[in-house]
Amino acid sequence: MGCTEGSNLADNLYSGTLSDTAEPQTITLRKTGQYDYYNLIIEDFYPGDKWNDVCISEIEVFGKP
Numbered sequence: 018m019g020c021t022e023g024s025n026l027a028d029n030l031y032s033g034t035l036s037d038t039a040e041p042q043t044i045t046l047r048k049t050g051q052y053d054y055y056n057l058i059i060e061d062f063y064p065g066d067k068w069n070d071v072c073i074s075e076i077e078v079f080g081k082p
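Written out as structure tokens, the structure is:
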């Protein structure tokens, strides 16, 4: 997750495990600075039967101005 100068990146990292489900899941991030971008790092996944890749169907970001 990237942040602008003056905010502390270490205070804004999220590490967690998502459930093995097709249902929507929510991750709440603490906002202590202004962000220009977010990085999503996938550290582990189930290998596919046919392809060696990861499928993400949708990501939505909500925030308050």
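18 is the number of the first residue of the sequence shown in the numbering used here; add one for each residue after it.
Quick reminder that beta carbons are idealized off the backbone N, C-alpha and C, glycines included.
Between the alpha carbons of proline 64 and aspartate 53 lies a gap of roughly 32 Å. Taking the CA atoms as reference points, isoleucine 73 sits about 12 Å from glutamine 42. Judged by beta-carbon spacing, valine 78 lies beyond the 8 Å limit of isoleucine 59, meaning their Cβ atoms are not closer than that value.
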